[in-house]
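Asker: All letters in the sequence shown, in the order written, are residues 2 to 694 by our numbering.
By construction, the Cβ of each residue, glycine as well, lies at the ideal position given by its N, Cα and C atoms.
These numbers were taken from a predicted model, which means no experiment stands behind them.
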Amino acid sequence: MTAATLLIEIGVEELPPKAMRTLADAFADGVTSALSEAGLALGATTRYATPRRLAVAIADVAEATDPVAVEKAGPTLAIAYDEAGQPTKAAEGFARSLGTTVDALEHEDSDKGERLVYRATEPGKPIATLIQPAVDQAIKRLPIPKLMRWGDSEAAFVRPVHWVVALHGDEIVPLNVFEQSADRETFGHRFHHPAAIELARADDYAKALNDAWVVVDPDVRRQRIVEQVEQAAADFGGRALIDDGLVEEVTALVEWPVGIAGRFDERFLVLPREVLISTLQEHQRYFPIENEAGELLAGFITVANIESRDVAQVIAGNERVVRPRLSDALFFWDQDRRQGLAHHVDGLARVTFQQSLGSLADKSARIAKAGERLVAPTGASAPAVARAAELAKADLLTEMVGEFPDLQGLMGFYYAEADGEPTEVARAIAEQYAPARAGADIAATPAGRALALADRLDTLSGIFAIGRRPSGDKDPFGLRRAALGVLRTVIEAGIVLDLRAELSAALANQPVEAQADTLDALWMFHMERLRGYYADQGIGTDRFEAVANLELTDLVDFDRRIRALDAFGRESSAQTVCGAHKRIRNILRRNADELEGRAFDTATLTEPAERDLAAAYAAQHDVVVEKMQARNPTEALAALAALAEPLDGFFDQVMVMADDPSLRQNRLALLSLLDELCREVADISCLSLEQSD
């Protein structure tokens, strides 16, 4: 059967830049999966995407699915034929359901007697019948951020569709996408090559578009952007600041990238580094340039989508656009510094944080109160935390943050520093939002950690108190990110505190009365984020449950135990101890009544194996307790590992549920002691044996 490359391309108006990569991946995966599920043999998949198209090329696609041998058993001959030897309704119905006649059916022996059987080879399904449903399914499942309608059509897609290509080798495959019938014509660069391009074969796609000024592979285009930006920066006399997010966005904005350097007035270099970067990078999608010392230069790199005959005009246009932006930033910088940060504190009372939770001034007061509790565990200075809490939100009312919201906290740092505030206060203001995003660093200073925790604890408890808990994918207040920030700060900074108590205090500090279950819900919300935190590090759910079952509220202790348990779970002795603890827990659960008021008595021991286990318990008990008091769960687990052999012997040679009540209850009491000892570290019975190899 002939195999050839299958090409599907949907030509659209400019895609949303932040959605292009996701849509391209989903489209390619969707088409490939649908065709594979239909039974079509496929080779390697390559997904393509530019601002004006989504495409997928699949190598070595067969013309049709393989023929399928079909065999279906029918009624026995006793049922299939009447006394006169004529087919019964049962036989005729069976044949009719298969599109054949009774005479065409075969006979074969079975354990119920001779029966009718249908055997046939169904021909493969041609690719022409499989493409339409595959593409329809892929489009239906695309994660489109917002649907758009166009013209008089009822069609709704991410952007209006203007052309469709569907080729299998050199043959057009029947396909219709939003009233556009597929053919072999694609389109190159909007300006450099606006005419249609006729593709002779699917394999010509990437080269034909490259010849028409379109780099259709987003990975190739991305690499070209990086190379051109780096080269343009080197020609300028510096090195470019390459932000991955910006590179990805620019990749989704251009089809034929051309890196060009521009300049701006050096007087703007007095602005804070972050202001310049935000202006160039976030607002203009330019790449800043710095020298070898890491100082920003008065230049930038922009990536054009056209190879201009008059590059000077392109440069001048970009310079003209950025100049007023920088002028505004310089004006805001001067204006804000003249007023001073403290000038804005009174204005916080006029800005609502949340209707039920009061103003930003109210929030600042709550942060200050929570900060007082966090001074001791973080080792921060009480005056520094109090002053930082007072000034923390003031920069939200500055001109600079009004124009550059992404610089909140950071501008507070610069203004506090300019006002002569202590360095500890200024740095805490800058660190209040740390970690600002996934993977970012936590606050580095004690006061910064106290402020960051106080702010998040207040937001979390306040929003939960008013019943606005996250549900499904909706999390408008960013509470999941806030909770993870709390967990990371406490664990990674080694801050010893009772997190549940801090959440309770933050709830009590809110201006609304929370429902009775709010604290429990808030705590479980954090525990779910904690589960994910460890899962991201490859630590299994069984390890998490083993420690979570102890209901610890000190996360530093929690972290220490789970990491020790994770290592222990991979040792051979863990299998025995874990299995024995599971068995112990089950036995104790079923016989809880017999344990009431019963103390363990060594004099009642009769079997050598139970004496050995009791002796091993006695030898390791104090070791485990002492190691846990010394906060060393690794060595405590090593002591528990010494129980593996006597536990094996006990369960192999001793009948726990003996007929003699005295023996039975004493053995249960011994198992109860062992259970308590194991749970000094964790509920080891939760460990999965499969993950303990």
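Is the beta carbon of alanine 50 less than 7 Å from the beta carbon of alanine 25?
Answerer: Yes, Cβ-Cβ distance for alanine 50 and alanine 25 is below 7 Å.
Asker: Is the Cβ-Cβ distance between proline 477 and glycine 359 less than 7 Å?
Answerer: No, they are not a contact pair.
Asker: Using CA coordinates, which residue listed in Pro161, His190, Arg185 is at the minimum distance from aspartate 205?
Answerer: For the residues Pro161, His190, Arg185, the minimum Cα distance to aspartate 205 belongs to Arg185.
Asker: Could you tell me the alpha carbon to alpha carbon distance between lysine 370 and glycine 463, rounded to whole angstroms?
Answerer: Using only the alpha carbons, I get a separation of about 14 Å.
Asker: Quick check: what's the CA-CA separation for isoleucine 496 versus alanine 387?
Answerer: Cα-Cα distance, rounded: 19 Å.
Asker: Could you tell me the distance, in whole angstroms, from the CA atom of isoleucine 685 to the CA atom of alanine 565?
Answerer: Roughly 12 Å between the two C-alpha positions.
Asker: Using 8 Å as the Cβ pair cut-off and three pairs as the minimum, do the region 252-269 and the region 288-301 touch?
Answerer: Result yes; three or more Cβ-Cβ pairs closer than 8 Å.
Asker: Using the C-alpha atoms, what's the distance from aspartate 396 back to glycine 403?
Answerer: Each residue's alpha carbon lies about 9 Å from the other.
Asker: Give me, in chain order, the residues of the same chain whose beta-carbon lies closer than 6 Å to that of aspartate 83; leave out the 5 immediate sequence neighbours on both sides.
Answerer: Excluding positions up to five away in sequence, the list reads Thr89.
Asker: Out of Glu296, Leu131, Leu272, which has the shortest C-alpha to C-alpha gap to alanine 419?
Answerer: Answer by Cα proximity: Leu272.
Asker: Sorted by chain position, which residues of the same chain lie with C-beta nearer than 6 Å to methionine 629's C-beta, five sequence neighbours on each side aside?
Answerer: Cβ neighbours of methionine 629 beyond the five flanking positions: Ala637, Glu681.
Asker: Taking the CB atoms as reference points, tell me whether leucine 498 and proline 378 lie closer together than 7 Å.
Answerer: Yes.
Asker: Using 8 Å for Cβ pairs, my map puts leucine 589 next to leucine 669. What's the rounded Cβ distance?
Answerer: So it is a contact: roughly 7 Å between Cβ atoms.
Asker: Within the continuous alpha helix (DSSP H) that includes tyrosine 416, where are the two ends?
Answerer: Unbroken alpha helix (DSSP H) run through tyrosine 416: 411-419.
Asker: May I ask you to report which of helix, strand or coil DSSP gives arginine 310?
Answerer: Of the three classes helix, strand and coil, the one that applies to arginine 310 here is coil, per DSSP.
Asker: Just grab the DSSP bridge partners of leucine 7 for me.
Answerer: Partner(s): Ile59, His169.
Asker: Could you tell me the alpha carbon to alpha carbon distance between leucine 55 and alanine 201, rounded to whole angstroms?
Answerer: Those two C-alpha atoms are separated by around 20 Å.
Asker: Which term fits arginine 310, buried or exposed, when burial requires 16 or more other beta carbons within 10 angstroms of its beta carbon?
Answerer: Flag for arginine 310 reads exposed.
Asker: Tell whether a beta-carbon distance below 7 Å holds between alanine 63 and threonine 46.
Answerer: Contact: no.
Asker: Could you give the C-beta distance for cysteine 679 and histidine 527, rounded to a whole number, given that I count them as a contact under 8 Å?
Answerer: About 26 Å separates the two Cβ atoms, so there is no contact after all.
Asker: If you scan the region 275-358 from start to end, which runs of the beta strand (DSSP E) of 3 or more residues do you find wholly inside it?
Answerer: The qualifying runs are 288-291, 297-305, 353-355.
Asker: Where does leucine 596 sit, in a helix, a strand or coil, going by DSSP?
Answerer: DSSP places leucine 596 in helix when its eight states are reduced to three.
Asker: So, helix, strand or coil for asparagine 510, using DSSP?
Answerer: Asparagine 510 falls in the coil class under three-state DSSP.
Asker: Using the three-state DSSP reduction, which class does arginine 544 fall into: helix, strand or coil?
Answerer: Three-state result, arginine 544: helix.
Asker: In the DSSP assignment, what are the bridge partners of glycine 468?
Answerer: None; glycine 468 has no bridge partner.
Asker: Should leucine 675 go down as buried or exposed, given a rule of 16 or more other Cβ atoms within 10 Å for buried?
Answerer: So leucine 675 counts as buried.
Asker: Locate the beta strand (DSSP E) running through arginine 48, then write down its first and last residues.
Answerer: Residues 46-51.
Asker: Excluding the 5 residues flanking glutamine 654 on each side, which residues of the same chain have their C-beta closer than 8 Å to its C-beta?
Answerer: Taken in chain order, the residues that qualify are Glu608, Pro609, Ala610.
Asker: Taking only the alpha-carbon atoms, compute the straight-line gap between arginine 442 and proline 436 and give it to the nearest angstrom.
Answerer: With the sequence shown as reference, residue 442 is identified as aspartate, and arginine is not the correct amino acid for it. Those two C-alpha atoms are separated by around 5 Å.
Asker: Using only the alpha-carbon positions, how far apart do glutamate 529 and alanine 20 sit?
Answerer: Computed Cα separation, rounded: 29 Å.
Asker: Would you decide whether alanine 431 is buried or exposed? Buried here means 16 or more other CB atoms lie within 10 Å of its CB.
Answerer: Result: buried.
Asker: In the DSSP assignment, what are the bridge partners of leucine 247?
Answerer: Leucine 247 is not bridged to any residue.
Asker: Start and end of the beta strand (DSSP E) containing arginine 264?
Answerer: Where arginine 264 is concerned, the enclosing beta strand (DSSP E) stretches over 259-264.
Asker: Helix, strand or coil for phenylalanine 526, going by three-state DSSP, please let me know.
Answerer: Of the three classes helix, strand and coil, the one that applies to phenylalanine 526 here is helix, per DSSP.
Asker: Hey, how far is the Cα of glycine 44 from the Cα of threonine 187?
Answerer: Approximately 23 Å, taken between the alpha carbons.
Asker: Who are the near neighbours of threonine 353 in its chain, counting only those whose CB is closer than 8 Å to its CB and skipping five residues on each side?
Answerer: Contacts found: Gly359, Ser360, Leu361.
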